[in-house]
Each structure stands twice: as C-alpha cells, then as structure tokens.
Amino acid sequence: MRLEQLELRRIAIDLVVPFRTSFGTETSRDVLLVHVTTDVGDGWGECVAMTEPVYSPEFVDGAQLVIRDHFWPVLASAGEVRAADVEPLLAHLHGHPMAKAALEAALLDAELRAEGSNLHARFGGDRDRVPSGVSVGIFPTLDELLAQVQGYVDEGYARIKIKIEPGWDLEPVRLVRDLIGPDMGLQVDANTAYARTDIDHLCRLDEFDLLLIEQPLPEEDLLGHAQLAAASSTPICLDESIVSIRTAADAIELGAAEIINIKPGRVGGYLAARRMHDLCVDRGVPVWCGGMLETGIGRAANAALAALPGFTLPGDISASSRFYARDIVTEPITVDDGHVAVPTTPGLGFELDHEFLDAITTSVEQVRTEHA
Ligand code: OSB
Ligand code: MG
Numbered sequence: 000m001r002l003e004q005l006e007l008r009r010i011a012i013d014l015v016v017p018f019r020t021s022f023g024t025e026t027s028r029d030v031l032l033v034h035v036t037t038d039v040g041d042g043w044g045e046c047v048a049m050t051e052p053v054y055s056p057e058f059v060d061g062a063q064l065v066i067r068d069h070f071w072p073v074l075a076s077a078g079e080v081r082a083a084d085v086e087p088l089l090a091h092l093h094g095h096p097m098a099k100a101a102l103e104a105a106l107l108d109a110e111l112r113a114e115g116s117n118l119h120a121r122f123g124g125d126r127d128r129v130p131s132g133v134s135v136g137i138f139p140t141l142d143e144l145l146a147q148v149q150g151y152v153d154e155g156y157a158r159i160k161i162k163i164e165p166g167w168d169l170e171p172v173r174l175v176r177d178l179i180g181p182d183m184g185l186q187v188d189a190n191t192a193y194a195r196t197d198i199d200h201l202c203r204l205d206e207f208d209l210l211l212i213e214q215p216l217p218e219e220d221l222l223g224h225a226q227l228a229a230a231s232s233t234p235i236c237l238d239e240s241i242v243s244i245r246t247a248a249d250a251i252e253l254g255a256a257e258i259i260n261i262k263p264g265r266v267g268g269y270l271a272a273r274r275m276h277d278l279c280v281d282r283g284v285p286v287w288c289g290g291m292l293e294t295g296i297g298r299a300a301n302a303a304l305a306a307l308p309g310f311t312l313p314g315d316i317s318a319s320s321r322f323y324a325r326d327i328v329t330e331p332i333t334v335d336d337g338h339v340a341v342p343t344t345p346g347l348g349f350e351l352d353h354e355f356l357d358a359i360t361t362s363v364e365q366v367r368t369e370h371a
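The structure is reproduced here in structure tokens:
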C-alpha cells in the first residue's frame with residue numbers, strides 16, 4: 000500500500016463506573032484513534048495510551064505528537080508498505096510502543112480489508128470464541144466491591160481479576176473468594192504497588208488458590224519477581240515489566256515470569272504480540288490477553304489474538320458494556336456463556352458507528368502526503 004492520509008482523531012468516552020487501580024482512578028477515556036487512508040482503502044487503529052503517564056511512560060498527547068511528527072513521515076515516504084514493515088521501519092526511533100502499535104493496527108486493518116480477510120484468519124487462531132475475564136477495580140468499601148463482583152458473576156464471566164494495593168489485599172481477596180466459591184478462577188493485579196520487603200505478606204495470598212498474582216513489584220524489578228516466585232506457591236505473572244520479546248525471554252529464564260499478560264499496545268503491536276505468544280509457547284509459559292479499557296476497535300483485535308492456542312488463561316476481554324454504555328462500533332462485544340465470539344468481519348474485526356463516533360469526537364487532525 001501507499002499511504003495517502005493520516006487522521007488523528009480524539010474521542011471522549013465515559014466509563015460506566017469509575018475504574019480505580021493502584022496508580023489512580025479513571026472516569027472517562029480520552030482515546031486517540033489513528034485513521035490511515037491508502038491507495039487500497041482505509042483502516043483504523045486504537046491507541047491505548049492513557050491521559051497521564053501512570054501505567055507506562057506513554058501518554059495520549061505524546062502519542063499523537065510522535066505519530067504525527069516522527070513516525071508518519073518515515074512511513075509515508077517509504078513507498079510501498081505493509082503492516083509488517085512498520086516495526087522495522089520505526090525501529091531506530093526508540094520506545095513509544097503504544098503509538099507504534101496504533102499505527103501498525105491501522106495499516107493492518109487497511110491491509111486485511113483490502114485482502115478481504117481479517118485478523119482472526121491472519122493469525123490462524125484455532126477457536127471461534129474465547130473465555131472472557133473481567134478486571135474489577137478498587138472500591139471505597141468492601142460492600143461495593145462485592146456488589147460489583149456479584150454482578151459480573153451473574154453476567155457469566157469466566158474469571159474475576161481484582162486490583163489490589165497495600166491495605167486492599169487479603170481481606171478483599173478473602174471475601175471475593177468466599178462470594179464466588181472455590182471453583183471460579185480468581186486472580187489479582189497490583190500494578191507495581193508493592194516492594195521486595197512485601198514478599199512475606201504477598202505469600203499470604205497463597206491460601207486463596209489464585210490463578211496468579213499480576214505485576215506486584217516495580218517494572219524494572221525482575222530479580223524481585225524471581226525471589227517472590229520462588230517463595231510463593233501462587234504463579235507470578237508480569238504485565239508492565241514485559242516491554243519486548245527480549246524482556247519476556249529474560250524474565251522467563253530468570254524465573255520472574257511464570258505466566259505472561261500480553262498486551263499489544265505495551266509490546267509495540269499485534270504482530271509483536273503474536274511473536275511473544277510464539278516465544279511463550281516455545282518456553283512452555285502460559286499467556287493471556289490483557290486489556291487497556293479498549294473500545295470495540297481494540298477489543299475486536301484482542302479477541303483475534305486471544306484465539307491463538309497459547310492463550311490458555313481467560314483474558315481481560317470483557318463485554319463492551321463492562322466499561323461503556325455505548326461503543327463506537329456497530330456490533331459491540333458481548334459475553335455469552337462466559338465467552339466472547341472472535342469477530343470475523345473484514346480487517347481487525349469491527350465496523351464503526353460513525354454517528355456516535357462523530358458525536359463524541361473532540362478533535363481531528365489530518366496530514367496529507369503528496370507522492371511524486
Ligand atoms: O494492569 O491490566 C492492567 C487497565 C488499564 C491499565 C492497566 C490495566 C488495566 C486493566 C483493565 O486491568 C483490563 C481491561 O481492559 O479489561
Ligand atoms: Mg495489569
């Protein structure tokens with residue numbers, strides 16, 4: 000394809016319930032959508048960068064700038080490009096995996112649509128539906144937490160993940176385990192809120208038969224995670240730490256990652272996410288697909304990724320309604336019998352609801368590229 004136009008569109012979309020993690024509370028998302036027009040058609044990608052750099056160094060204004068001023072000029076002047084060329088063409092520009100992932104996703108959407116194909120077919124996942132887990136935030140009271148969890152159990156989710164932080168761990172986990180019973184999958188995510196000095200404390204979670212503890216320690220602390228993994232009988236899963244195939248391989252070898260949460264935005268794109276899956280399968284490490292509160296664009300593509308055979312644990316691929324009253328796609332993801340259907344519509348697997356998209360658009364920036 001030859002790239003003709005870049006559109007950077009920002010939307011404001013409210014969450015149905017505030018989402019609190021150890022790094023802060025979100026009540027709405029300011030989402031950057033990347034829309035590319037090429038000589039074979041157009042495509043859309045969603046950037047998962049948040050407003051503030053609290054999950055990783057990226058933030059949405061920075062992502063927009065680096066795509067517009069640094070990434071797009073390289074790709075637009077490269078002549079014929081395929082989605083698979085994005086990563087190598089931008090490799091000399093350090094970091095910004097979420098921005099790169101969004102641009103690559105837009106090219107992938109355009110390319111697949113032009114081929115009359117979709118991401119599920121491209122990846123070759125062997126399932127047409129994937130188990131759906133739900134990520135539950137921190138609440139002002141335990142009663143509110145339990146009421147939310149009960150609602151998700153009633154909706155049929157296949158597993159529950161609750162956010163923890165110092166002061167909100169053993170008691171909420173005990174109560175949620177009692178509520179959902181011994182057979183339902185339960186896991187916790189600390190988003191780096193603990194320190195190596197908390198290893199003994201974190202081992203007290205062992206009695207609750209959790210599927211995993213996600214990213215308890217700071218992202219750079221691979222050795223601390225290895226020490227915790229050796230001490231704890233609950234498997235340690237990394238999220239924030241795993242920023243590349245190399246960190247994944249090293250964390251596995253160190254014994255710091257017994258399970259890996261794969262997020263396409265964090266690792267630089269869906270194609271890199273697929274390669275990380277392949278590495279983990281090769282090393283015998285289970286993976287699951289994480290989420291970043293995506294709209295229907297990102298969630299559709301996540302479901303196609305999660306259909307690959309190494310995704311043996313339920314992902315954070317909840318129904319659109321878990322976060323949004325109305326989505327920007329015409330067929331928002333739903334949970335049926337604890338599962339989400341893997342979309343097979345052309346491209347990444349969604350069609351936009353243009354009327355709603357326009358209604359919640361807060362800015363549009365366009366860059367045209369004239370080819371000689
Ligand atoms: O750590 O997995 C995380 C959302 C934003 C940033 C980080 C995380 C999360 C979630 C939400 O847990 C998962 C989802 O999108 O359903
Ligand atoms: Mg996480």
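Heads up: the sequence shown is residues 0 to 371, going by numbering that gives the first Met the number 0. Even for Gly, the Cβ is constructed at its ideal location relative to N, Cα and C.
- In this structure, D205 has its CB at a distance of at least 6 Å from all heavy atoms of the ligand MG.
- Cβ atoms of A250 and L209 stay farther apart than 8 Å, at about 19 Å.
- Inclusion of Y54 in the 6 Å shell around the ligand OSB follows from its C-beta lying nearer than that to a non-hydrogen atom of the ligand.
- Remark: three or more beta-carbon pairs, one from each stretch, lie closer than 8 Å, so the segment 115 to 131 and the segment 294 to 308 are flagged as touching.
- Distances between the C-beta of N190 and the heavy atoms of the ligand OSB include at least one below 6 Å.
- Note that the segment 178 to 198 does not touch the segment 354 to 365; fewer than 3 beta-carbon pairs, one per stretch, sit closer than 8 Å.
- Look at the beta carbons and you see the segment 97 to 111 touching the segment 24 to 40: at least three pairs across the two are nearer than 8 Å.
- Distances from the CA of A340 to each of E354, S131 and I241 were compared; the closest alpha carbon is that of S131.
- Taken in chain order, the whole beta strand (DSSP E) runs of length 3 or more contained in the segment 11 to 75 are 23 to 37 and 40 to 46.
- Bridge pairing for N190: absent [DSSP].
- Relative to the non-hydrogen atoms of the ligand MG, the Cβ of E79 never comes closer than 6 Å to any of them.
- Counting the other CB atoms within 10 Å of its CB gives Q214 a total of 16 or more, which places it among the buried residues.
- The continuous alpha helix (DSSP H) containing E110 extends over residues P96 to E114.
- The beta carbons of N260 and L227 sit about 16 Å from each other, so the pair does not count as a contact at 8 Å.
- Placement of the Cβ of D220 at a distance of 6 Å or more from every heavy atom of the ligand MG is found.
- Nearest to I12 by C-alpha distance, out of E364, T294, R298 and E369, is T294.
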